[in-house]
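I have placed the structure first, in the form of structure tokens, so that the comments after it can refer back to it.
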Amino acid sequence: MLVHLRRNDTFARLAAVFGIGAATAHRYITEVIALLADRAPDLREAMRIAQRKAFVILDGTLAPIDRLSGLNDRLHCSGKHHRRGMNIQFLTDPNGELIRASSARPDT
Numbered sequence: 563m564l565v566h567l568r569r570n571d572t573f574a575r576l577a578a579v580f581g582i583g584a585a586t587a588h589r590y591i592t593e594v595i596a597l598l599a600d601r602a603p604d605l606r607e608a609m610r611i612a613q614r615k616a617f618v619i620l621d622g623t624l625a626p627i628d629r630l631s632g633l634n635d636r637l638h639c640s641g642k643h644h645r646r647g648m649n650i651q652f653l654t655d656p657n658g659e660l661i662r663a664s665s666a667r668p669d670t
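Okay, so the sequence shown: first residue is 563 according to my numbering, each after it adds one.
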């Protein structure tokens, strides 16, 4: 289910490709994300790693989302990208090795 993280496919599309139900695709993705999050350093450890580097790179991306309802709709609108999404920030070392990724936040 890492293909979801790479391509941002919908659960319905993943279900069709892998021959499973959309609920099963959702469950698998949730489990994979939890496993990856458990392996990630916490913020304090990430800062210790960053301090040992000559420099670090901070960059971000907008992870597109396809549907919202209610009052939170405008919260997720990106004026820069002209679409809805969640902002994720990444901290890497000079070689591109990931040190820390933020949790997804509304792009405000």
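The C-beta atom is built at its ideal place from N, Cα and C for all residues, glycine as well.
Residue i and residue j look like a contact to me (Cβ under 8 Å); what is the Cβ gap, rounded to whole Å?
i      : j      : result
Thr623 : Ile595 : Not confirmed; about 16 Å, so no contact.
Ala663 : Met648 : The Cβ separation is near 12 Å, so there is no contact.
Ala574 : Ala585 : Ala574 to Ala585, Cβ: 11 Å. No contact.
Hey, out of the options, whose CA is closest to residue i's CA?
i      : options                        : result
Ala616 : Ala666, Ile627, Thr654         : Thr654
Arg614 : Ala663, Val565, Pro656         : Pro656
Pro668 : Asp621, Glu659, Asn570, Ile627 : Ile627
Tyr590 : Arg606, Thr572, Asp604, Ile661 : Thr572
Classify residue i as helix, strand or coil using the three-state DSSP reduction.
i      : result
Met591 : The identity of residue 591 in the sequence shown is Ile, whereas the question assumes Met. In this structure, Ile591 counts as helix in the three-state DSSP scheme.
Asp604 : coil
Ala616 : coil
Arg572 : Correcting the residue identity first, residue 572 is Thr in this sequence and not Arg. Here Thr572 sits in coil by DSSP.
Could you please give me the residues that DSSP links to residue i through a beta bridge?
i      : result
Asp655 : According to DSSP, which records beta bridges pairwise, Asp655 is partnered with nothing at all.
Met648 : Ala625, Pro668
Arg662 : Leu653
- Task: Say whether the stretch 608-618 touches the stretch 573-592, bearing in mind that this needs 3 or more beta-carbon pairs closer than 8 Å, one atom from each stretch.
- Result: Proximity of the stretch 608-618 to the stretch 573-592 falls short of the contact definition, fewer than three beta-carbon pairs being nearer than 8 Å.
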